[in-house]
Structures are given as C-alpha cells and as structure tokens.
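There are 2 protein chains.
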Amino acid sequence: MKARVHVMLKDGVLDPQGEAIRHALGALGFDGVDGVRQGKVIELDLADGTSRETVEQMCEKLLANTVIESYAVEVG
Amino acid sequence: MKARVHVMLKDGVLDPQGEAIRHALGALGFDGVDGVRQGKVIELDLADGTSRETVEQMCEKLLANTVIESYAVEVG
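Taken in sequence, the protein lines are chains A and B.
Under the working numbering, residues 1 to 76 are what the first sequence spells out, in order.
Under the working numbering, residues 1 to 76 are what the second sequence spells out, in order.
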C-alpha cells in the first residue's frame, strides 16, 4: 500500500525558500503571485495493512519537526 | 486562488534522501517500509483567474527540473 505525507511549515514560521520562489517568479514575469510556501512530500511504500496511526507515528518521530511543521497523511 | 504543485524525482532517478528516510524508519523499528521517495510541494497563492497553463509554465521554467523531475498541478 501507498501512503503520502505532506509536511509544511506552520503558519507564522518564516519560509525563506518559499519567499525566494515568489521573488523569482516575479522576476520571470509571472504577476499576481501573492504568496508561496514550500514543503515536503514523502511517498511511502508500506506493507499492506499498515495503519494510519503507524504513519502518524512516523511523522511524529521522524518525518516532521512538530515544533515548526505540520503534517497531513493520505493513506491508500 | 490557491494552486499546489508536487515535484517528484522521476522513476529511475536515485533518491538518496528518500533512501535515508527508509533506513531511519527501519532503525526506529518501523517494519515493512519497502520504499520512500521524497519530493517537494509548493503552495501558490495566485491572483484569481490564473490559468492552469500559467502554473504549468511556472513549473517548466522554475519549479521543476524537468530533466530529472516530474510535476503535477492541482488548481483550486
């Protein structure tokens, strides 16, 4: 089975990488880009029957720094 | 309006970061993790009416290195 985890910086945490993308898009002539946030997506190929709770534990223990990052799990 | 872009390494391109995550999950006692791929997710806050084609141009020109990366655009 597959699971996908999105890890994004929490609101209020500065995102210099996203800001750099926003600036570069403007320099390339793309107007109307009001904000950019960059995060990570992690695709996991797991043994069948792995529970969503297990994937959430992976996030808490390794995949996300929950002080500054939030995560969302999609299973299946 | 919001758009979300996923950028993943193409199949066949080595992903050492994903491999490091897979190894670390095993060391933490999570069994059955057969594969991990890590990519980027970019959330764009755009002017209303921006077309999907415009976002795809942003991917082609800046957000993805299309030699080694594939991208997927979700609009709205």
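Built from N, CA and C at the ideal position, the CB exists for glycine as well.
Here the structure is a predicted model, which means the values were calculated and not measured.
Non-local C-beta neighbours of E60 (chain A) in its own chain, meaning closer than 7 Å and more than five positions away in sequence, comprise T66, ordered along the chain. Residue ranges of uninterrupted alpha helix (DSSP H) with 4 or more members, entirely inside the stretch 43-69 of chain A and ordered along the chain, are 52-58. Going by beta carbons, E69 (chain A) and M8 (chain A) fall inside the 8 Å limit. Within the stretch 13-41 of chain B, the complete alpha helix (DSSP H) segments of 4 residues or longer fall at 16-27, listed in chain order. V13 (chain B) counts as exposed, since fewer than 16 other C-beta atoms from the protein chains shown sit within 10 angstroms of its C-beta. Under the 8 Å Cβ criterion, the stretch 25-34 of chain B does not count as touching the stretch 25-33 of chain A, having fewer than three qualifying pairs.
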